[in-house]
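One structure is given below, encoded as structure tokens.
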Amino acid sequence: MKRHLAVALVALLLVSLWSFASVRAEDFPRNETIYTANSAPPASANPFQGGNIIGIDGLVFEPLFMLNFMTTELKPWLAEYGKWIDSTTYEVKLREGTRWQDGKPLTAEDVKFSFEYYEKLGLKKFEGLSEIKVVDDRTVRFVFSGQPNVWVWDQNLYSVLIIPKHIFENLDPEKVKTMTFTGDDKKYLVGSGAYKLKEVVEQQKSILERNEDWWGAKYFNKPAAKYIIQLYVSSNDQAANMFLKGDLDVATYYLDIAELKKQNPNIVSWLDKEPYFPPVVPVVLYFNTQREPMNMPAFRKAIAMAINPEQIVQQGPISAVPDQTPLGPIMQGWKDKIGAKDIINEYGWKYGDLQDAMKILDQLGIKDTDGDGIREYNGKPVELHFVTCSGCSDWIQAGEIIANQLKPLGIKVVIDKGDWTNFFMQKLNSGDFDLALHWAGTFKPDPYSVYYNLMYYKNETDKGGANFGNYHNERVNELLQKLAATPNQDEQIKYLKELTQIWLQDVPAVPVYTGTVFYEANTQYWKNWPNEKNPYGVPIFWPGFGTWGTALAMLGVQPAQAPTTTTSSPSGTTTTTGGGGSTCGPAALILLAAVPLLLRRRR
Amino acid sequence: MGFRKYLARKTFVYAITFLFAVTLNWLLPRLMPGNPIEAMIESNLNLAPGEKEILIKFYEELYGLNEPLWRQFVNFWVRLFHGDLGYSLLYKAPVWDLIRHALPYDIAILLPAIALSWLVGNWLGAIAGKNKRYDRYMMPIFYFLASMPYFWFAMLLVYFIGVKAGWLPYQGAYDPSLLPSFSWEFIKSFISHWILPFLSLFIVMIGSWAIGMRNMIIYELEADYVRYLEALGASEKLMTRHAYRNAILPQVTGLALQLGLMVAGAIATEIVFNYPGIGILLMNAALSQDYFLLQGAFLMVVVSVLAANFVIDIVYAFIDPRVRTSYTEG
Chain A
1 MKRHLAVALV ALLLVSLWSF ASVRAEDFPR NETIYTANSA PPASANPFQG GNIIGIDGLV
61 FEPLFMLNFM TTELKPWLAE YGKWIDSTTY EVKLREGTRW QDGKPLTAED VKFSFEYYEK
121 LGLKKFEGLS EIKVVDDRTV RFVFSGQPNV WVWDQNLYSV LIIPKHIFEN LDPEKVKTMT
181 FTGDDKKYLV GSGAYKLKEV VEQQKSILER NEDWWGAKYF NKPAAKYIIQ LYVSSNDQAA
241 NMFLKGDLDV ATYYLDIAEL KKQNPNIVSW LDKEPYFPPV VPVVLYFNTQ REPMNMPAFR
301 KAIAMAINPE QIVQQGPISA VPDQTPLGPI MQGWKDKIGA KDIINEYGWK YGDLQDAMKI
361 LDQLGIKDTD GDGIREYNGK PVELHFVTCS GCSDWIQAGE IIANQLKPLG IKVVIDKGDW
421 TNFFMQKLNS GDFDLALHWA GTFKPDPYSV YYNLMYYKNE TDKGGANFGN YHNERVNELL
481 QKLAATPNQD EQIKYLKELT QIWLQDVPAV PVYTGTVFYE ANTQYWKNWP NEKNPYGVPI
541 FWPGFGTWGT ALAMLGVQPA QAPTTTTSSP SGTTTTTGGG GSTCGPAALI LLAAVPLLLR
601 RRR
Chain B
1 MGFRKYLARK TFVYAITFLF AVTLNWLLPR LMPGNPIEAM IESNLNLAPG EKEILIKFYE
61 ELYGLNEPLW RQFVNFWVRL FHGDLGYSLL YKAPVWDLIR HALPYDIAIL LPAIALSWLV
121 GNWLGAIAGK NKRYDRYMMP IFYFLASMPY FWFAMLLVYF IGVKAGWLPY QGAYDPSLLP
181 SFSWEFIKSF ISHWILPFLS LFIVMIGSWA IGMRNMIIYE LEADYVRYLE ALGASEKLMT
241 RHAYRNAILP QVTGLALQLG LMVAGAIATE IVFNYPGIGI LLMNAALSQD YFLLQGAFLM
301 VVVSVLAANF VIDIVYAFID PRVRTSYTEG
């Protein structure tokens, strides 16, 4: 028995030696590979469910338009242009020479098929779309029966991935829903993008390989990286170590950039000073507008005035001071168009203005009658419950600062914590809170969606997705409806102006700081990462955000050094974990070889 | 009662246990408060106005969560007998695929660690049980090994051997620039990544095996039959051999249980070393209420623990004369 074991081990050794001579391990030259990472491991490359592989959307499959979330601009991609030719018909013209990765042309038929396929799967519903007409190989017309919502339609232009009809019409849609498109099913994963899926090693990594035959090379720059490898890195500490050693090129982790920069000057982020991370959208403090006294706009405004964002921002390195509108830094283009600054000057308030806030409360008759330092309303002390989740340390911290800032105003804030789903979201959705922080309503790609999410309210079920405070104003509904119906930008600006004005007067919620997304890149191997000065791409490297600009960022990156001519030099592969790997391998094998000897001796 | 009857009775008991355990596995995640689909949609930031409802409907239909609970239960059993463990909510992949790809890593780490630490631990424990002086020095070390927090020990290994000294890689199962393949480079990388997590488990487990063995040996050496042998003037070697045979029995049970639990992975090891086994799957599944992955992974645990126990029941019949007589004479 033991002799057999020994023979088997020796055989294993020999086989591995033999394979050393014949098959080399997969080699990804470091200077041709971008390493990124995610805290959820890759397992599925299903394009419809987002999968959890960065770039399945955008790099492998492409949309008609790409969104640059940091500037809220649409960039024509597969489409040469898209426009409303009348109020109910949207025409898309494909670029010339669009092609699938298997060489077949990508035509208007594929576009029609893709939009219909999303509806067939039940993943989308195109409100009011009555027909998709193929005019010629490159032209499609989307015909609506009624007045379409132009903003929602724009979102479909970059969120619907164009899929090959000749492949997917042979697949059962019921099965497609749960296919992972890995292993043998990888052959169905034919996209049109700059990268092909090379391999998914479940739970560990995914590898994209450049499509040398990409149609887009003619219009956009050919991507510089031959491979994009997405690793599974679950903790911030591990990510920090890997960035320091140059084993990760870009990712979305909460790291102390200032500290990292000290140890490795190649680390960059969106800004080159505090808070480093890209400020994206404001975090707003919601009021439950259905409860007294928060149903009074004046009361809400008084609280908004008493809040001092400067103090909140100083507490943490990952935020920036917001303005009074819910349109964050990413909407700067829109804010300039609607003249947000002037509107704020005219209708807005000043943050940290305690005196005026007190005046307003006095006028409302909310006064401290019993002299305990807390104002009374209808005979009861004003005590507001700030609801948050126990893991949300940044929100708890901000909540505590807000509580301190409202104390001199004579308002008591109590912080209630619980878990995310069953306490926090449940309280928000059921309207069982006084105050709460969230960015759900502001993390949107256009000003319509922001206002819709925060302010639209028809009834308990038909309301904006993040209108937790149940703010209700018929004029807002009317404006939103008009705004949804017009592709004319002058009209849009007019409505947005009025919405902004109502926001400032009614204060359904207050922006208290600007949330940032985590972003760090290493310029040791790759440079030209998008940043504040060059926002050509979006620094969000999460799965599912490919068409929101992650793909644009990946495609714009340039090698830091001139590419070497010998592409498969073994020095290109680095051992991630230091010199140990190379010396201990043989040592371990000697150990392994010693096992049979040890076993023999015991006999 | 013959061996066949013994086997039939055992099989029946195990079948009932299996049904009960699997039902519980199915039910428990569903008793957790909260709705995983809503949580999943809630965290999905890039939704257009009105898209949330469509997605909730899509996923509820996809996972059959819109059906009444009893119907879901029936579906579950029907699927199970077709070998379908369902589709993971978190990973968006078939549960069986996930388990299949993670399991080899658990086995690669845990099987050698459990088996070798059992052999070495029993050996050291047996010596300690017999030799008083050796016992005095070794037992504190064993107690220390067995009772120290594993997390802490593993982190020490990572920090001193992996990060500070840089002797061995301390995270992942192999180098990120490689793909699993049967090549020299991969095997080399795999083995060097394997050493630290293996050592961390091996060293810690030795302690508890040794303590168990030592205590059993001392107990057996005090037993009447050894006294009798001693009185007969039997050799030291003969006495130890008899004592050892008796002392090893509970250790065999312990070994079987450990091996059965192997598929659950060593969660702490996998977290510390970022090793891609089932432990991490299970943890992530629990955190995100992934019903299907949870019940699939627990199913594997139930099956392997039951199988290990079953095998032990059979093996006992051969190695322990008392069990053997209980059914041949009963």
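Those protein sequence lines, which keep their order, are chains A and B.
Using UniProt numbering, the first residue of the first sequence is number 1, and each one after it goes up by one.
Using UniProt numbering, the first residue of the second sequence is number 1, and each one after it goes up by one.
Quick reminder that beta carbons are idealized off the backbone N, C-alpha and C, glycines included.
All figures in this text were calculated on a predicted structure; none of them were measured in a lab.
Non-local C-beta neighbours of ILE99(B) in its own chain, meaning closer than 7 Å and more than five positions away in sequence, comprise ILE278, GLY296, ALA297 and MET300, ordered along the chain.
Sixteen is the threshold: since fewer than 16 other Cβ atoms of the shown chains lie within 10 Å of the Cβ of SER43(B), the residue is exposed. ARG95(A) sits in coil when the DSSP states are folded into three classes, being neither helix nor strand.
Cβ contact annotation for PRO197(B) (same chain, cutoff 6 Å, sequence separation greater than five): ILE109, THR269, PHE273 and TYR275, in chain order. By the neighbour-count criterion, in which 16 or more other beta carbons inside 10 Å mark a residue as buried, ASN131(B) falls on the exposed side.
Taking C-beta separations shorter than 8 Å and ignoring five residues to either side along the sequence, the partners of VAL323(B) in its chain run TYR316 and ALA317, following chain order. DSSP places TRP151(A) in the helix class (H, G or I) of the three-state scheme.
Against chain B, the beta carbon of GLN489(A) has no neighbour under 7 Å; the closest one sits roughly 20 Å away.
A residue is called buried once 16 or more other Cβ atoms fall within 10 Å of its Cβ, and VAL382(A) is buried on that count. Put simply, of GLY546(A), ALA521(A), GLY556(A) and LEU409(A) the residue whose alpha carbon is nearest the alpha carbon of VAL60(A) is GLY546(A). Judged by DSSP in its simplified three-state form, MET66(A) adopts strand. Of all residues in the segment 247-264 of chain A, the ones placed with a Cβ closer than 8 Å to any Cβ belonging to chain B are ASP247, in chain order. Taking the Cβ atoms as the reference, TRP209(B) lies roughly 3 Å from GLY121(B), within the contact range of under 8 Å. Assignment of beta-bridge partners to TYR513(A) by DSSP yields VAL283(A).
Among the CB atoms of chain A, none fall inside 9 Å of the CB of HIS82(B).
MET148(B) counts as exposed, since fewer than 16 other C-beta atoms from the protein chains shown sit within 10 angstroms of its C-beta. The beta carbon of GLY254(B) lies closer than 7 Å to those of GLY212 in the same chain, with the five residues before and after it left out. Contact annotation: PRO112(B) and VAL152(A) have beta-carbon atoms that are not nearer than 9 Å. Against GLY34(B), the close residues of chain A are THR421 and ASN422, in the order they occur along the chain (beta-carbon pairs closer than 7 Å). Per DSSP, the beta-bridge partners of VAL143(A) are THR89(A) and GLU131(A). A Cβ of chain B is located within less than 9 Å of the beta carbon of ASP27(A).
Within the model, the alpha-carbon separation for ARG375(A) versus LYS412(A) is close to 9 Å. Per DSSP, reduced to three states, the secondary structure at ILE54(A) is coil, with no helix or strand assignment.
In the same chain as THR180(A), and ignoring 5 residues on each side of it, the C-beta atoms closer than 7 Å to its own belong to ALA43, SER44, ALA45 and ASN46, in chain order. Per DSSP, reduced to three states, the secondary structure at GLY410(A) is coil, with no helix or strand assignment. Each of LEU123(A), THR178(A) and TYR81(A) was checked against the Cα of ASP154(A), and the nearest Cα belongs to TYR81(A). By the Cβ rule, the segment 251-271 of chain A counts as touching the segment 516-523 of chain A, because three or more pairs are nearer than 8 Å. In this structure, the straight-line span from the alpha carbon of TYR227(A) to that of LEU208(A) is close to 5 Å. The segment 250-257 of chain A and the segment 358-370 of chain A do not touch, with fewer than 3 CB-CB distances between them shorter than 8 Å.
For GLN230(A), the beta-bridge partners assigned by DSSP are THR36(A) and SER206(A). For PRO326(A), the closest C-alpha among the options GLN314(A), ASP434(A) and ASP446(A) is that of ASP446(A). When DSSP states are grouped into helix, strand and coil, LYS104(A) belongs to the coil group. Apart from the 5 residues on each side of it in sequence, LEU257(B) sits with its Cβ closer than 8 Å to the Cβ of VAL305, ALA308 and ASN309 in its chain, given in chain order. Where ALA308(B) is concerned, there is no enclosing beta strand (DSSP E), although the alpha helix (DSSP H) around it starts and stops at 291-319.
If you ignore the 5 residues before and after PHE151(B), its C-beta comes within less than 7 Å of the C-beta of ALA268 and VAL272, all in its own chain and listed in chain order. With respect to MET294(A), ASP353(A) sits apart: the two C-beta atoms are not nearer than 9 Å.
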